[in-house]
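Numbering (my numbering), first residue to last: -8 to 138.
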């Protein structure tokens, strides 16, 4: 439990530190398929998701459909699992759901963790608390939080 609280504190502290910090060199892009969430009776809207694996690889999912009330966690899970990639997370705790692994990149590896940005601003809440807005551009970054 202490380790989880320490990890959560490190993530929050690092998030504050990284706010406003821009990342350097241009990254290679690996285009992913268009992923659509299950349709419902309400009008579908879409967002773009980008996953920066921290090794120069960026995978994008454009026009990911969602319906009103769905969260970033919902769309992320739909896109990643729909592409057949590994997606692991910890159940909601005091800070919400913690994303442990996307694809082959697992949180804690070399001090790196998955953080998300909405329209180039670091997320202020957990992904399961962020309600998607039509046209959002979300980027998940696997970044080093060692200080």
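Note that the Cβ used here is the ideal one computed from N, Cα and C, for glycine as well. All values reported here derive from a predicted model rather than from experimental measurement.
- Taking all protein chains in view, the Cβ of residue 95 is surrounded by fewer than 16 other Cβ atoms within 10 Å, so the residue is classified as exposed.
- Across the structure, residue 67 and residue 40 are spaced so that their CA atoms are roughly 8 Å apart.
- Shortest Cα-Cα distance from residue 52 to any of 61, 46, 35 and 73 involves 73.
- Following the DSSP letters along the chain, one finds residue 132 in no alpha helix (DSSP H) but inside the beta strand (DSSP E) bounded by residues 128 to 135.
- For residue 128, same chain residues with a beta-carbon under 6 Å away, outside a window of 5 residues either side, are 39 and 110 in chain order.
- Nearest to residue 133 by C-alpha distance, out of 36, 35, 37 and 46, is 46.
- By the neighbour-count criterion, in which a residue is buried when 16 or more other Cβ atoms sit within 10 angstroms of its Cβ, residue 101 is exposed.
- Taken in chain order, no unbroken stretch of alpha helix (DSSP H) lies wholly in the region 64 to 95 with a span of 4 residues or more.
- Excluding five sequence positions before and after residue 70, the CB atoms of its chain that fall closer than 6 Å to its own CB belong to 26, 40, 52 and 55, given in chain order.
- For residue 119, the closest alpha carbon among the candidates 75, 88, 93 and 137 is that of 88.
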